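Heads up, the thing below is written out as structure tokens.
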Amino acid sequence: VVNVQCGSCGEVNCASVPKKVFHVVVAGEGGVGIFNSSVHADAFVLGVPAAVRSKADSWEEAISAMKTALA
Numbered sequence: 005v006v007n008v009q010c011g012s013c014g015e016v017n018c019a020s021v022p023k024k025v026f027h028v029v030v031a032g033e034g035g036v037g038i039f040n041s042s043v044h045a046d047a048f049v050l051g052v053p054a055a056v057r058s059k060a061d062s063w064e065e066a067i068s069a070m071k072t073a074l075a
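Reading the sequence shown from the start, the letters are residues 5 to 75 in my numbering.
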């Protein structure tokens, strides 16, 4: 949550900032990858029985998950 002050009246409003999530696809249709959009990750895993997908909270965590899965 971020507090934002109006430049005209000075009132402070609370605004939520979306959390950055990385979608890691290590087995899917057409390849593997790290995506910042669930829509793009879905294109590789939806309808694919053996697809493997996970979420990571940081780029480093996503890289680690990819390396572990492909080892």
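All C-beta atoms, glycine included, are put in the ideal place defined by N, C-alpha and C. Just so you know, these numbers come straight off a predicted model, no measurement behind them.
When you compare only the Cα positions, how much space is there between E15 and K23?
If you number the sequence shown from 1, residue 15 lands on position 11. If you number the sequence shown from 1, residue 23 lands on position 19. Whole-angstrom Cα-Cα distance: 25 Å.
Can you tell me where the beta strand (DSSP E) with K59 in it begins and where it stops?
Walking along the sequence shown from the start, residue 59 turns up at place 55. Residues 56 to 60.
Given this structure, state the Cα-to-Cα distance separating S58 from V28, to the nearest angstrom.
Locating residue 58 in the sequence shown gives position 54, counting from the first residue. Locating residue 28 in the sequence shown gives position 24, counting from the first residue. For S58 and V28, the distance between alpha carbons rounds to 5 Å.
Under the rule that 16 or more other beta-carbon atoms within 10 Å means buried, what is V30, buried or exposed?
Here residue 30 refers to the residue found at position 26 when the sequence shown is read from its first residue. So V30 ends up on the buried side.
Work out the CA separation of A75 and V25 for me, nearest whole Å.
Position 21 of the sequence shown, counted from the start, is the residue given in the question as residue 25. Position 71 of the sequence shown, counted from the start, is the residue given in the question as residue 75. Going from the Cα of V25 to the Cα of A75 covers about 23 Å.
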